[in-house]
Amino acid sequence: MQTKTLYVFTLMMLLCLAFTGSFPLHAAESAPEPVTLYAAPNASGKGDGSSMENAAYFRDARFWQSVNATLQTEPVTVNLLPGQYVFSKLPKGLQTRETLRFTDFGHPEHQFVLQGLHKEGTIFTSDPEEPIDESLSIELLRFSGTNAVFRNLHFTGEQHMGYTTHFTGKNILIEDCSFTELLNTYYGSSGTAYESEYVIWRNNYFKRVGLDGHAHMLYNAYGPKHVYVIGNHFEDCSGEYVRFRDQTDYAVVYGNTFISTGTYKDGNRAFVSVPLFNDDNPANPGPNPRFEYFGTHMLVAANKFIYPDDNSPGDRRVFRFLQSGWDPPGRNLLLSPEEAYMLQTAPIEQRRSFMLKNFGIYADRIFFADNIVQGRNVTNSVWYFSYPSYSAPGRGWRDHIDITPTVITTTVVRSEEEAIAFWPAFIESLRYFATPRADDVITRPLQVQIKTPQFELKSIEIALDGEVIYSGAALPTDLTLVPAQLTAGEHLLAVTQLDTSGKEYKEEIAVRVEHMTSDDASWSRRIRGLTPVPIISHLTADEYRSVIIEMTQIVGGDRTETQQIYSGVTLPEPFELDSIKFVDGAYDLDVHYTTKYGITGTISERLVLDNWEVLEDDILAPNLSSWFGFSDKLLTADRSSGWEFVGTTPELFFNDDDRIKLPSADAEEYLTWKLANLRSFAFTIYVRDSDIRQALTLSASTDGEEWLPLTYNITVQEQNAAGWQKVLLEGNVPADQELELLKFSLKGSTLIELGYAYLMGQLL
1094 MQTKTLYVFT LMMLLCLAFT GSFPLHAAES APEPVTLYAA PNASGKGDGS SMENAAYFRD
1154 ARFWQSVNAT LQTEPVTVNL LPGQYVFSKL PKGLQTRETL RFTDFGHPEH QFVLQGLHKE
1214 GTIFTSDPEE PIDESLSIEL LRFSGTNAVF RNLHFTGEQH MGYTTHFTGK NILIEDCSFT
1274 ELLNTYYGSS GTAYESEYVI WRNNYFKRVG LDGHAHMLYN AYGPKHVYVI GNHFEDCSGE
1334 YVRFRDQTDY AVVYGNTFIS TGTYKDGNRA FVSVPLFNDD NPANPGPNPR FEYFGTHMLV
1394 AANKFIYPDD NSPGDRRVFR FLQSGWDPPG RNLLLSPEEA YMLQTAPIEQ RRSFMLKNFG
1454 IYADRIFFAD NIVQGRNVTN SVWYFSYPSY SAPGRGWRDH IDITPTVITT TVVRSEEEAI
1514 AFWPAFIESL RYFATPRADD VITRPLQVQI KTPQFELKSI EIALDGEVIY SGAALPTDLT
1574 LVPAQLTAGE HLLAVTQLDT SGKEYKEEIA VRVEHMTSDD ASWSRRIRGL TPVPIISHLT
1634 ADEYRSVIIE MTQIVGGDRT ETQQIYSGVT LPEPFELDSI KFVDGAYDLD VHYTTKYGIT
1694 GTISERLVLD NWEVLEDDIL APNLSSWFGF SDKLLTADRS SGWEFVGTTP ELFFNDDDRI
1754 KLPSADAEEY LTWKLANLRS FAFTIYVRDS DIRQALTLSA STDGEEWLPL TYNITVQEQN
1814 AAGWQKVLLE GNVPADQELE LLKFSLKGST LIELGYAYLM GQLL
């Protein structure tokens, strides 16, 4: 909901900029000043884009990367200086001249403007010195991103091109640009595709575009929504002038001038087209089928459509729906002669019903009004044309049918601003729920409110997940959704209204119920110590019947041992987790609850406990390298000089070949390790006929000046025939003191050897 609202808001801001040159703002607000940069066909001065004198080279990838980075925090306008911006498959010297591409560019709140510095003079073109060769096919500009304006750019060139330009994304305005003499363009001078939304072409000039019937001035295909063609000039195209193919929907063609002189390429072609090309047999679709369907929300109004007043060849149908190929699943687009006759002669409502059922076209959502049509053999009409192709069998009919009587031909908009606002307003008019709205998240009791209908109401029925929760002859006044009475998750809410004539008005919306949420950002770090659990309850304390909180350890990606850490009649607030009580590692924290209405649910969060830092010393002997010299591998912070590393006869020491010992029983030697917030220690030592406690002392210190004696436990783990014992020596450091040095002191025995040290410190 918020994302969609943001895009619609940005669209309106784009349009305000287009119409007035500035954004309307509240008095207390000020428009953020964009960062203004400059680029040119060749760099000048410093080449950093900071001024016209220091214009960046327009192909400098680092420059555009910095622009995109800046857009994440503030708007940016890049002015292109007048000149020829030349594109080619072939490099020139060391410079590539390929398509100028903007990929994943922009920010929804900070506008990107790319514009010619002056109204005229910034020209994007193919290399006029190269031969026209299909192998050198080039495109001039491609953009994918959000919240962008392209202005005062002029595209031309006789070289082969796929698309001259292409724009995909959300909230994109292309205005005051020209697309001329693009004689060898194969697909189109511009267009959009896929999940694009709110793409506007306004006040642009198109003339002499296209290689053959494949090429269109604006080619929109494969699902874009809210495509606006406003106040442009179109003259002479080898294909259809404006195309809305395959699920392109919520389209507006308003206030444009379309001219076909009959002298360009194949003569006269359709001005506005909604075509499908279904080349896949649904019964045998192949590995990657694509089935195409009509978009059905079209506003074509206040345009001039001018064909020549002669007998030049070509198709002079102004606005046409076209199906070529197989019937896609769920549609019957190919016609029999009987169906074609019915579609031309039956009562209007019967025709509309047939079109909706078979074509998927809502005829009463096709608006064709206030258009001026000129030329010989031209009628102000909307057409449907279908024919089999791609080996599809026909059903006996292959011709155009005038469907103008089924569409809306009365005036619905009177200005560009109204045309832009038409589809958002229309969509809103089909929403009967005032609250909640589609995709709302319900966390508190919410009254269901239905808008006052614009018709005389006979009856109304409201259903939740298919079960009727209200029925009557008037709008409900006290119908409330109570989250504690509903399961957490998605629910389908539907309203059906009948007017006094029996006509049905229906809306279905998905809403989501949440009982609890978690602050995900709080779980992004590792948990240590006493930590508040950031689970937020949307239910009141008296709406719970029971709450159980469990910790389940994750080992190897699997849930293993579960421990209950809380049980009560409501969620404790605040609830704190003492991570010290658990072994470090990954856990699922599960909150199981039951509401007083018997609704059960669970919310689960994965977290990582990280209470301890470990120091492991394997008592490795130093290396001596001719390159690097002496390299100590012992992890001690300090040690006396009288120790001796030994690695001989590992078979006597339980296969440990890295040990350290005293060479003489007379001297006292020590090893000191450092680890913050010491809490425990363990040593593996090897002993033969010696009193460990008399020879070995352990102590800890904060500063190395005062030492606290430590006690330890001794466990004999193994003993061999030679009389050597493998002994585990372990103990704890007092938790009420912040100690970080541990000293291992040995005196009076050469029959004690150290093989391994392990220290654990608590992370705070």
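Numbering (our numbering), first residue to last: 1094 to 1857.
Glycine residues also receive a C-beta, built at the ideal position from the N, C-alpha and C atoms.
Predicted model only: the values in this text are computed from it and were never measured.
Chain-order list of residues whose beta-carbon lies under 8 Å from that of residue i (same chain, five-residue window excluded)
i	result
Ala1136	Ala1148, Ala1149, Tyr1150 and Asp1153
Ala1121	Interpretation of Ala1121 is limited by its pLDDT of 37, a score under 50 that renders its predicted location unreliable; the figure taken from the coordinates is listed afterwards. There are no such residues.
Arg1537	Pro1576 and His1631
8 Å Cβ cutoff met for residue i and residue j
i	j	result
Gly1140	Tyr1131	no
Gly1740	Arg1752	yes
His1390	Tyr1343	yes
Phe1364	Val1345	no
Thr1790	Ser1838	yes
Leu1266	Arg1295	yes
Leu1210	Leu1183	no
Met1609	Ile1692	no
Same chain, Cβ closer than 6 Å to residue i, five either side skipped, listed in chain order
i	result
Ile1658	Ile1642 and Met1644
Ser1353	Asn1361 and Tyr1400
Integer Cβ distance of residue i from residue j, believed to fall under 8 Å
i	j	result
Leu1884	Ala1850	The requested residue 1884 is not part of the displayed model; the chain covers only 1094 to 1857.
Tyr1861	Ser1417	Only positions 1094 to 1857 of the chain appear in the structure, and residue 1861 is not among them; the question remains open.
Tyr1860	Gly1281	With the chain running from 1094 to 1857 in the structure shown, residue 1860 is simply not present.
Arg1772	Asn1806	With 8 Å as the limit, Arg1772 and Asn1806 do not qualify as a contact, their Cβ atoms being about 15 Å apart.
Glu1846	Lys1754	4 Å
Tyr1386	Pro1421	6 Å
Asp1710	Leu1727	7 Å
Met1254	Thr1278	5 Å
Ala1531	Ala1603	6 Å
Ile1441	Thr1499	6 Å
Asn1371	Trp1419	5 Å
Limits of the unbroken alpha helix (DSSP H) element including residue i
i	result
Gln1810	It is not in any alpha helix (DSSP H) - Gln1810 instead sits in the beta strand (DSSP E) that spans Asn1806 to Gln1812.
Glu1431	Pro1430 to Thr1438
Thr1163	Ala1154 to Leu1164
Trp1490	Premise fails: Trp1490 is in no alpha helix (DSSP H) and is neither H nor E.
Ala1788	Ile1785 to Ala1788
As assigned by DSSP and simplified to three states, the class of residue i
i	result
Phe1351	strand
Thr1113	At Thr1113, the pLDDT of 38 sits below 50, so the modelled position is not reliable and the matter cannot be decided from this model.
Asn1245	coil
Arg1752	strand
Ser1237	strand
Arg1469	coil
Gln1547	coil
Lys1599	strand
Glu1744	helix
Lys1819	strand
Asp1457	helix
Asp1495	strand
Lys1726	coil
Ala1485	coil
Pro1368	strand
Asp1651	strand
Phe1675	coil
Asn1034	Given a span of 1094 to 1857 for the chain in the structure shown, any question on residue 1034 remains unanswerable.
Tyr1377	This sequence places Asn at residue 1377; Tyr is not what is there. If DSSP states are grouped into helix, strand and coil, Asn1377 belongs with the strands.
Ala1577	helix
Ala1344	strand
Leu1207	strand
Close beta carbons around residue i, own chain, < 7 Å, minus the five adjacent residues each side
i	result
Gly1841	Ala1758, Gln1787 and Ala1788
Gly1468	Ile1399, Tyr1400, Pro1401, Asp1402 and Arg1409
Leu1856	Arg1621, Asp1703, Asn1704, Trp1705 and Glu1706
Arg1488	Leu1427, Leu1428 and Ser1429
Lys1397	Thr1350, Phe1351 and Ile1465
Leu1844	Val1780, Arg1781, Asp1782 and Ser1783
Thr1502	Phe1461 and Ala1462
N- and C-terminal bounds of the beta strand (DSSP E) containing residue i
i	result
Gln1590	Gly1582 to Asp1592
Leu1844	Segment: none, Leu1844 is in no beta strand (DSSP E) and carries neither H nor E.
Ala1132	Val1128 to Ala1133
Lys1450	Run containing Lys1450: none in the beta strand (DSSP E); it sits in the alpha helix (DSSP H), Ile1441 to Phe1452.
Phe1519	It is not in any beta strand (DSSP E) - Phe1519 instead sits in the alpha helix (DSSP H) that spans Glu1509 to Ser1522.
Ile1692	First-last for Ile1692: undefined, no H or E at that position.
His1259	Thr1258 to Glu1268
Minimum Cβ-Cβ distance from residue i to chain D less than 8 Å
i	result
Leu1623	Note that chain D does not occur in the displayed structure, where there is just one protein chain.
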